[in-house]
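Following: one structure in structure tokens, then a few remarks.
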Amino acid sequence: LQGLNLRGGLRIPPEFSALAVAIAIYGGSYIAEIVRGGFKAVGKGQVEAALSLGLSPWRVFTLVKLPLALRAMLPILANQYVWLIKATTMGIAVGFTDFFMIVALTINHSGQTLEAIGILMAGFLTINLSLAAVFNRINKAIALKGNQLRG
7 LQGLNLRGGL
17 RIPPEFSALA
27 VAIAIYGGSY
37 IAEIVRGGFK
47 AVGKGQVEAA
57 LSLGLSPWRV
67 FTLVKLPLAL
77 RAMLPILANQ
87 YVWLIKATTM
97 GIAVGFTDFF
107 MIVALTINHS
117 GQTLEAIGIL
127 MAGFLTINLS
137 LAAVFNRINK
147 AIALKGNQLR
157 G
């Protein structure tokens, strides 16, 4: 890119690559199982009823299976995504300097333990509460409206 004066390309540290691959494989396997369980939770009778009404398989998927599966799996997916954000601190095990490692270095250099840990907690709290708020909003948007049984 001559106009932007960028030379040498982008260098991705091997520690970051190892962390990204590990979290993607571990988190992806759990998320795949959650999605599979969500679709298995949709009753066979509901799919058969939609097919008997003459809906195409694609319309059955988009109008029946997906909304019902999403209602079943969304709370569990939200929990899994919050866990994935917290799991990024395991980057210390592969030598990746993440937010936690920077705070630990700051504590060692400055001795201001309470302030540094307070910033760390505020950062994680902000990220996790934001993610939880997004999922709560989505959950409310897809919730069943009207008179429904509460268990």
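Start counting the sequence shown at 7; every next residue gets the next number (this note's numbering). For glycine and all other residues, C-beta sits at the position ideal for the given N, C-alpha and C.
Could you tell me which of the options sits nearest to residue i, measuring between CA atoms?
i	options	result
Y32	L90, K46 and S62	L90
V41	K71, G124, Q52 and I29	K71
A75	S23, K92, G117 and Q52	Q52
E54	V66, E21, G43 and A47	V66
D104	H115, S116 and G129	G129
I37	P63, W64, I82 and S23	I82
Taking the C-alpha atoms as reference points, what is the distance between residue i and residue j?
i	j	result
N85	A139	12 Å
G198	A149	Residue 198 lies beyond the stretch modelled for the chain, which goes from 7 to 157, so this question has no answer here.
L25	T95	10 Å
F87	M127	According to the sequence provided, residue 87 is Tyr. The question's Phe does not apply to it. Approximately 18 Å between the Cα atoms of the pair.
I133	I29	18 Å
F20	M107	Here residue 20 is Pro; the residue named in the question, Phe, does not match the sequence. Straight-line Cα distance between these residues: approximately 17 Å.
G60	N145	30 Å
M44	I123	Per the sequence presented here, residue 44 reads as Gly, with Met not at that position. Their backbone Cα atoms lie some 38 Å apart in a straight line.
N114	L16	31 Å
A56	P73	13 Å
R77	K92	24 Å
I18	A47	41 Å
Where does residue i sit, in a helix, a strand or coil, going by DSSP?
i	result
K151	coil
A47	coil
L7	Confidence is the limiting factor: at L7 the pLDDT is only 44, short of 50, which leaves the residue's position unreliable and the question unanswerable from this model.
R17	coil
L137	helix
G117	coil
G60	coil
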